[in-house]
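Each residue of the sequence shown is one higher than the one before, counting from 2 in the working numbering.
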Amino acid sequence: DRVIGLVELDDEVREREFTSDQIRLSQALADHAAIAIENARLFEAERKHSQELEALHEASLRLTSKLELQSVLEAILDYALRLAAATDAHIFLYDGERLSFGAALWANGQEESPYIEPRPEGLTYTVARTGKRIVVDNVNRHPLFKDWPWGGAIAGLPLRIGGQVCGVMNVAFDKPHTFEEDELRVLELLADQAAIAIRNAQLHAEVQALAITDSLTGFYNRRGLFELGRREVERARRFGRPLSALMLDLDHFKLVNDTYGHHIGDQVLAELAACCRQVLRDVDLLGRYGGEEFVFLLPETGVAAAEPVAERLRRHVERSLMNTDRGPISITISLGVAQLDETCPDLETLLEHADQALYVAKRSGRNQARVWQANDQDIP
Numbered sequence: 002d003r004v005i006g007l008v009e010l011d012d013e014v015r016e017r018e019f020t021s022d023q024i025r026l027s028q029a030l031a032d033h034a035a036i037a038i039e040n041a042r043l044f045e046a047e048r049k050h051s052q053e054l055e056a057l058h059e060a061s062l063r064l065t066s067k068l069e070l071q072s073v074l075e076a077i078l079d080y081a082l083r084l085a086a087a088t089d090a091h092i093f094l095y096d097g098e099r100l101s102f103g104a105a106l107w108a109n110g111q112e113e114s115p116y117i118e119p120r121p122e123g124l125t126y127t128v129a130r131t132g133k134r135i136v137v138d139n140v141n142r143h144p145l146f147k148d149w150p151w152g153g154a155i156a157g158l159p160l161r162i163g164g165q166v167c168g169v170m171n172v173a174f175d176k177p178h179t180f181e182e183d184e185l186r187v188l189e190l191l192a193d194q195a196a197i198a199i200r201n202a203q204l205h206a207e208v209q210a211l212a213i214t215d216s217l218t219g220f221y222n223r224r225g226l227f228e229l230g231r232r233e234v235e236r237a238r239r240f241g242r243p244l245s246a247l248m249l250d251l252d253h254f255k256l257v258n259d260t261y262g263h264h265i266g267d268q269v270l271a272e273l274a275a276c277c278r279q280v281l282r283d284v285d286l287l288g289r290y291g292g293e294e295f296v297f298l299l300p301e302t303g304v305a306a307a308e309p310v311a312e313r314l315r316r317h318v319e320r321s322l323m324n325t326d327r328g329p330i331s332i333t334i335s336l337g338v339a340q341l342d343e344t345c346p347d348l349e350t351l352l353e354h355a356d357q358a359l360y361v362a363k364r365s366g367r368n369q370a371r372v373w374q375a376n377d378q379d380i381p
């Protein structure tokens, strides 16, 4: 037997001892009260358990229906907050060495500054490296949070796939909080589902990337170029920002194929793509338009800035050697430059202008860059 409460009887009117019958009756009432309280506790625990199972089932259905990674991460955190009644939750992805911020969510629905850079020796990295959960009921009393200005509670849970940690989910309270074992068990079940959903989303993203990537150059293929390029045009128009396009053609590429064969021609294209990456920025959108033609979209760049980029790219290729199985080969390129303006209602028109400028560059002797002019569209 265990004590779950205390019933106190007091008779201040008649100052006398309780009779044995009164004591037996009181004990019987206390026993019934204990049973009622215990039943209520069991009922509440069962109700809570049922709600948790229902929430986990709902989470499983919702997570498996999503394939976009960011949506998956936000859904995971939504359920973590609901299951733990926590203040906030963060997810970090882990590649075996480094953690990268995934998403954060707050119970109050407000957009607050997320904690995006975990400390190398802090809780999140420790969970990622060990694959074991860490529960801190009061961070002010834990060595991992020495000199930490925050005074809440946190549970760090590993996200595992096949025994490998792929991420960490942190569930936090803004005040000290005692994590119950049942509470942690439910969060760990959610973490298991989360890991599977994250991996599915990552695999989907990899497949999608393959579908829009040119395998030879690593640039976007024509589908990817137009899909992402239209977004860049829409963004530039909405915010009134500059956007320029470079269209590149490898001069006399047919001669390379006829002389060395298509295998060597492919190696030249791959080397040319590597040369272009050395000049262009990470934010630029690089696409293989077809054959030996490439298209580069330069966000936040007007034609006055894009023309020097084209010339710098031309000179870099001219001075470089393309390494192939038949030895180094020298090549040159021609480029057309155009910018998004009132004459360009869409991506197609922007590329048409760049193509017209490229035609002028090739007709004028190749190995040069030309900026689109309004009269270029009259060239037969």
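Built from N, CA and C at the ideal position, the CB exists for glycine as well.
In the DSSP assignment, residue 200 falls within the alpha helix (DSSP H) that extends over 182-212. Ranked by Cα distance from residue 121, the first of 135, 304, 99, 307 is 99. The C-beta distance from residue 332 to residue 252 rounds to 7 Å, short enough to fall under 8 Å. Counted as a single uninterrupted DSSP element, the stretch harbouring residue 89 is not any alpha helix (DSSP H) but the beta strand (DSSP E) occupying residues 89-95.
A straight line joining the alpha-carbon of residue 317 with that of residue 272 spans about 12 Å. The straight-line gap separating the alpha-carbon atoms of residue 364 and residue 208 is approximately 41 Å.
Per DSSP, reduced to three states, the secondary structure at residue 221 is strand.
Every unbroken stretch of the beta strand (DSSP E) spanning 3 or more residues and falling wholly within the region 96-139 is given here in chain order: 100-107, 135-137. Runs of beta strand (DSSP E) with 3 or more residues, each lying fully within the region 263-329, are found at 286-291, 294-300, listed in chain order. Spatial neighbours of residue 74 in its own chain (CB-CB distance under 6 Å, excluding positions within 5 residues in sequence) are listed in chain order as 92, 103, 104. In this structure, the straight-line span from the alpha carbon of residue 319 to that of residue 306 is close to 21 Å. The region 198-216 and the region 109-126 do not touch, with fewer than 3 CB-CB distances between them shorter than 8 Å.
Excluding the 5 residues flanking it on each side, residue 219 has same chain C-beta neighbours closer than 7 Å at 274, in chain order. In the structure shown, residue 258 adopts helical secondary structure according to DSSP, grouped into three states. Counting along the chain, residue 155 sits inside the beta strand (DSSP E) bounded by residues 154-162. Rounded to the nearest whole angstrom, the CA to CA distance from residue 26 to residue 6 is 17 Å. Contact annotation: residue 300 and residue 233 have beta-carbon atoms nearer than 8 Å. The criterion of a C-beta distance shorter than 8 Å is satisfied by residue 325 and residue 269. When secondary structure is reduced to three states using DSSP, residue 171 falls in the strand class. If you draw a 10 Å sphere on the C-beta of residue 178, you find 16 or more other C-beta atoms in it, and that means buried. Non-local beta-carbon contacts of residue 321 in its own chain, meaning distances under 6 Å to residues more than five positions away in sequence, involve 276 in chain order. Taking the C-beta atoms as reference points, residue 84 is found no nearer than 8 Å to residue 185. Secondary structure at residue 79: helix, using DSSP grouped into helix, strand and coil. With respect to the C-alpha of residue 132, the residue from 158, 145, 139, 154 having the closest C-alpha is 158. Sequence-distant partners of residue 206 (beyond 5 residues in either direction) whose C-beta falls short of 7 Å from its own C-beta, in its chain, are 70. Here the alpha carbons of residue 76 and residue 228 stand approximately 26 Å from one another.
If the five residues before and after residue 86 are omitted, its C-beta is found closer than 8 Å to the C-beta atoms of 108, all from its own chain and listed in chain order. Among the bridge pairs identified by DSSP, residue 84 is matched with none.
By the CB criterion at 8 Å, residue 153 and residue 183 fall outside the cutoff. Note that the C-beta distance between residue 298 and residue 244 is below 8 Å.
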